[in-house]
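Notes follow the structure.
In this note's numbering, the protein residues as written are 107 to 264.
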């Protein structure tokens, strides 16, 4: 990677985010957990989620990733509590399109995630950058599956 590429990707803000990751650790009683690993670089993110009233009530994560994975996880931890699952799934898709399809960066309440936009020029770094988004989506999927099973079981009890 040329020095200019390095400077474009590893901005001061990316390095600040990677150095200051909130909500590190694990939740004692999460509604769901998910671990996602990048086969390319070996980075891994494990997240725990708790929902209440249809929104994220608590979040924790164990981040074993490069600076880009750390920065993305740091951003997620700063913005996830209070978010609706649908918004988080949409955020994941927006970031994926931004990186892989030259889509626009996130806007509105998610605008800070645009700091990841320069990563689009380094496809080998996409997987590590998307780890936290993929782990959150997987955990939300588990929670939704549990909810559906509970609703189906409640329906058969009637």
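Glycine included, every Cβ here is placed at the ideal spot set by N, Cα and C. Quick caveat: nothing in here was measured; it's all calculated off a predicted structure.
{"Query": "Counting Cβ pairs, one atom from each stretch, are 3 or more of them under 8 Å apart for the segment 195-206 and the segment 146-159?", "Result": "no"}
{"Query": "In angstroms with no decimal places, state the Cα-to-Cα distance between residue 327 and residue 253.", "Result": "The structure shown does not extend to residue 327, since the chain is modelled only from 107 through 264, so no value can be given for it."}
{"Query": "What did DSSP end up calling residue 152 once you bin it into helix, strand or coil?", "Result": "strand"}
{"Query": "For residue 184, which option in 245, 257, 124 has the closest C-alpha, if you only look at C-alpha atoms?", "Result": "124"}
{"Query": "Roughly how many angstroms separate the alpha carbons of residue 171 and residue 258, rounded to a whole number?", "Result": "39 Å"}
{"Query": "Starting from residue 119 and walking both ways along the alpha helix (DSSP H), at which residues does that stretch end?", "Result": "118-125"}
{"Query": "Cβ atoms of residue 238 and residue 181: under 9 Å apart, would you say?", "Result": "yes"}
{"Query": "When DSSP labels each residue in this structure, what does residue 159 get in the three-state scheme?", "Result": "coil"}
{"Query": "If you run the structure through DSSP and keep just helix, strand and coil, what is residue 250?", "Result": "helix"}
{"Query": "For residue 207, which of 186, 229, 188, 250 has the nearest alpha-carbon?", "Result": "229"}
{"Query": "For the putative contact between residue 151 and residue 175, defined by C-beta atoms under 8 Å, what is the C-beta separation to the nearest angstrom?", "Result": "6 Å"}
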